[in-house]
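Read through the structure below, which is laid out as structure tokens, and then see the notes.
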Amino acid sequence: MTSVESLLGGEAFEAAPRLLGLRLVSDVDGERTAVTLVEVEAYGGADDPASHAHRGPTARNAAMYGPAGTLYVYRSYGIHWCANVVCRPAGTPSAVLLRGGVVVDGGDVVRRRRGRSDHLCDGPGRLAQALAITGDHNGTSVFDGPLRIEGAAAPGVVVATPRVGITRAVERPWRFIFVPEPVDNPRA
DNA sequence: ATAGCGATGTTCT
DNA sequence: GAACATCGCTATA
């Protein structure tokens with residue numbers, strides 16, 4: 255078992271914050287890009303009214319029922335792609351929505367894909383476009399596929415807030431933001 | 001700086 | 001027919 259693999263498991267809201275600070279590496283069309291994950295959201299199964307798996311399996315959410323490490327990619331509002339990582343064993347639906355990152359490799363490629371130089375990865379649709387994640391990657395594994403999660407988290411603080419863009423179970427604080435630990439604070 | 005709105009695939013009522 | 005785990009453009013301030 256890899257070190258990253260051991261970070262998955264447990265309820266989605268427990269696994270989600272563990273992914274913060276890790277690297278999401280993309281090798282698509284022969285181009286390498288990578289980000290450090292800084293914003294994620296947890297989605298559960300039948301017990302989470304905001305989850306795509308709340309009503310049971312469908313053609314769209316099938317990947318959520320795969321083993322931990324499975325990528326669940328869905329189309330949002332008919333336009334954008336959004337990527338999740340499954341964190342529970344096969345048969346138990348779960349998802350950690352990847353909502354934001356900081357580019358650490360392939361910045362030129364990312365800016366070309368995004369068609370701009372700002373707001374490269376802040377938002378699930380933007381993050382997917384930056385790393386060229388599409389429906390083709392639905393069901394692939396983040397341990398051996400074209401999109402991988404690697405490394406160990408850098409030191410930082412995790413802040414929990416309510417999930418955004420949903421209308422049900424809005425009170426659950428299942429959105430997690432990574433605040434890097436300052437290496438040095440000249441003002442303190 | 002904030003508000004409104006159009007685009008549009010899949011699911012749900 | 002309506003809602004939706006969004007985004008980028010446009011208008012108004």
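Numbering follows this note's numbering, in which position 92 of the first sequence is assigned residue number 346; successive positions increment by one, without gaps.
Even for Gly, the Cβ is constructed at its ideal location relative to N, Cα and C.
Residue interval of the beta strand (DSSP E) (run including residue i)
i: D301; result: Unbroken run through D301: none, as it is neither H nor E.
i: A266; result: Run containing A266: none in the beta strand (DSSP E); it sits in the alpha helix (DSSP H), A266 to L273.
CA-to-CA distance, residue j to residue i, given in whole angstroms
i: R340; j: V433; result: One detail in the question is off: residue 340 reads as Val in this sequence, not Arg. Between V340 and V433, the C-alpha separation is close to 23 Å.
i: E259; j: G320; result: 14 Å
i: A414; j: V350; result: 14 Å
i: R329; j: L262; result: 24 Å
i: A317; j: G410; result: 30 Å
i: V363; j: E285; result: 8 Å
i: G310; j: G379; result: 24 Å
i: A313; j: D390; result: 14 Å
i: P416; j: S257; result: 28 Å
i: A407; j: H308; result: 30 Å
i: V294; j: D301; result: 19 Å
i: W335; j: P436; result: 33 Å
i: S280; j: A296; result: 22 Å
i: A304; j: V282; result: 31 Å
i: L325; j: S395; result: 6 Å
i: A322; j: V412; result: 22 Å
i: P400; j: D372; result: 25 Å
Opening and closing residue of the alpha helix (DSSP H) in which residue i lies
i: E376; result: The sequence shown places Asp at residue 376, rather than the Glu named in the question. Run containing D376: none; DSSP gives neither H nor E here.
i: V412; result: Counting along the chain, V412 falls outside any alpha helix (DSSP H), though it belongs to the beta strand (DSSP E) covering G410 to T415.
i: R370; result: Taken as a continuous stretch (DSSP letters only), R370 belongs to no alpha helix (DSSP H), as it is neither H nor E.
Cβ-based burial, residue i [other Cβ within 10 Å; buried from 16]
i: Y331; result: exposed
i: I333; result: exposed
i: A382; result: buried
i: G275; result: buried
i: P347; result: buried
i: T421; result: exposed
i: D398; result: exposed
i: H306; result: buried
i: G299; result: buried
i: V424; result: exposed
i: V418; result: exposed
i: A344; result: exposed
Residues sharing a beta bridge with residue i, DSSP
i: S280; result: T287 and L401
i: I333; result: Paired residues: none, contrary to the question.
i: T312; result: DSSP, once it has assigned bridges, lists no residue as partnering T312.
i: G355; result: L291
i: I431; result: E293 and V413
i: Y328; result: C336
i: A407; result: DSSP output for A407 lists no bridge partner at all.
i: A349; result: Y297
i: S395; result: T324
Residue i CB to nearest heavy atom of the ligand SAH below 7 Å
i: H334; result: The ligand SAH is absent from the structure shown, which contains no ligand whatsoever.
*asked:* Taking 8 Å as the cut-off, does the stretch 410-430 touch the stretch 264-274 (at least 3 CB pairs, one atom from each stretch)?
replied: In short, these stretches touch, since the Cβ pair count reaches three.
*Between the stretch 276-291 and the stretch 345-363, do three or more beta carbon pairs fall short of 8 Å?*
Taking 8 Å as the limit for Cβ pairs, the verdict is that the stretch 345-363 does touch the stretch 276-291.
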